[in-house]
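Chemist:
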Amino acid sequence: MTHRIAILGASGYTGAELVRLIATHPDMTITALSADRKAGMAMAEVFPFLRHLDLPRLCKIDEIDFSQVDLCFCALPHGTTQEVISALPRNLKIVDLSADFRLRDAAAYEKWYGAPHKALDLQAEAVYGLTEFYRSEIASARLVAGTGCNAATGQFALRPLIAAGVIDLDDILIDLKAGVSGAGRTPKEMLLHAELSGGTHTYSAGGKHRHLGEFDQEFSKIAGRPVMVQFTPHLLPMNRGILATVYVKGDAKTIHQTLESAYASEPFLQVLPFGQLPSTRDIVGSNYCHLGVIGDRIPGRAVVVSVLDNLNKGSSGQALQNANLMLGLPETMGLTLAPIFP
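In the numbering used here, the protein residues as written are 144 to 485.
#1: Could I get the ranges of all uninterrupted beta strand (DSSP E) runs contained in the segment 187 to 219, with 3 residues as the minimum, in chain order?
#2: Whose C-beta lies closer than 8 Å to the C-beta of residue 348 among residues of the same chain, with five residues either side of it excluded?
#3: Mind checking which residues open and close the beta strand (DSSP E) that includes residue 375?
#4: Considering only the beta carbon of each residue, do residue 428 and residue 394 sit closer than 8 Å?
#5: Between the Cα of residue 426 and the Cα atoms of 385, 229, 408, 332, which residue gives the shortest distance?
#6: Look up residue 320 in the DSSP assignment and give the residues it is bridged to.
#7: Three Cβ pairs or more, each shorter than 8 Å: is that satisfied between the segment 432 to 439 and the segment 392 to 409?
#8: Whose C-beta lies closer than 7 Å to the C-beta of residue 411 among residues of the same chain, with five residues either side of it excluded?
#9: Flag this pair as yes or no: are the beta carbons of residue 215 and residue 201 separated by less than 8 Å?
#10: Between residue 98 and residue 162, is the Cβ-Cβ spacing less than 8 Å?
#11: Output needed for residue 287: all residues of its chain with C-beta closer than 6 Å, excluding positions within five of it in sequence on either side, in chain order.
#12: Among residues of its own chain, excluding the 5 on either side of residue 401, which ones have a beta-carbon nearer than 8 Å to its beta-carbon?
#13: Taking its Cβ as the centre, do 16 or more other Cβ atoms sit within 10 Å of residue 293, making it buried, or is it exposed?
#14: Is the Cβ-Cβ distance between residue 373 and residue 316 less than 8 Å?
#15: Using only the alpha-carbon positions, how far apart do residue 390 and residue 300 sit?
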């Protein structure tokens with residue numbers, strides 16, 4: 144059976160990445176693509192790298208016949224997605240790539256996103272989309288909320304360590320570097336080549352980054368008590384990739400063994416031998432996350448490094464991994480292409 148797929152917000156980076164991945168998926172076909180300002184255009188005009196594909200033209204959302212759609216990906220900006228999804232058929236399977244349904248607590252959503260949630264019934268229904276830790280819930284879900292790309296990178300490094308009690312929960316620091324595609328395709332002065340190239344800078348520092356809401360929610364749930372991490376993101380002049388350097392208190396070899404054991408059967412999570420650290424160049428264009436652990440010169444401290452592609456494992460690849468589960472397909476289907484190098 145070929146499953147019919149719609150992608151809302153197909154003119155953005157995550158929408159284009161979904162198209163690229165689904166194009167070679169054996170059990171999915173794209174039947175509808177939406178955009179706002181670019182409605183009526185061919186996808187090849189918006190993204191020439193996809194011109195070899197036979198794709199439907201971009202259209203407005205209200206022009207899509209959702210009775211002919213089995214699963215819908217929403218790659219729309221946060222704040223608008225909740226209203227869009229509220230208007231979709233209640234039997235339609237949906238994977239949302241925005242931030243609108245990631246936080247279970249309505250007050251937490253308002254705190255981090257600055258406005259009351261407008262679809263509380265859907266928020267209560269949504270399953271958090273970190274596939275490796277919510278598989279069974281995702282498989283039976285109708286609405287899945289994809290994680291933030293930064294949040295996913297940090298969680299892969301820390302969740303097993305918190306669960307196993309092998310680190311000090313009151314002394315966790317995440318220093319993260321991200322490529323510019325994570326900021327989306329909307330033109331911004333700070334992302335101009337002359338403004339960004341040749342340097343780097345912190346952003347949303349001092350506990351202001353919205354993905355902290357996900358860290359607070361997920362880490363506290365695992366620990367059974369409040370856990371607050373220090374988190375400082377930086378923007379690098381590269382297109383794709385995230386590298387999180389996580390500083391923790393604990394025995395480095397025990398930490399490595401804990402991650403190795405937790406991810407031994409995970410197809411997309413690769414733990415390097417102890418003492419080796421990964422690079423973003425090794426995961427570009429793929430659904431893989433690589434992790435490494437080293438000890439520090441200060442006894443009882445360790446460094447965990449986690450890398451992934453923000454547009455793939457951090458967003459669209461994760462969304463497709465979730466969609467496979469929701470449709471009863473093998474989880475890895477369409478996602479095992481090797482990374483691109485150089």
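Don't be surprised by glycine CBs; every beta carbon is placed ideally from N, CA and C.
It should be emphasised that the depicted structure is a prediction, and the values quoted were computed from it without experimental measurement.
Modeler: Working from what's here:
#1: Entirely contained in the segment 187 to 219, the beta strand (DSSP E) runs reaching 3 residues are, in chain order, 214 to 217.
#2: 375, 376
#3: 373 to 378
#4: no
#5: 385
#6: 377, 386
#7: With a cut-off of 8 Å, the segment 392 to 409 and the segment 432 to 439 count as touching, because enough Cβ pairs lie within range.
#8: Correct list, in chain order: 430, 431, 432, 456.
#9: no
#10: Given that the chain is displayed from residue 144 to residue 485, the structure contains no residue 98 and the question cannot be resolved.
#11: 238, 270, 272, 281, 465
#12: 303, 304, 307, 309
#13: buried
#14: For the pair residue 373 and residue 316, the CB atoms are nearer than the 8 Å cut-off.
#15: So the alpha carbons of these two residues sit roughly 10 Å apart.
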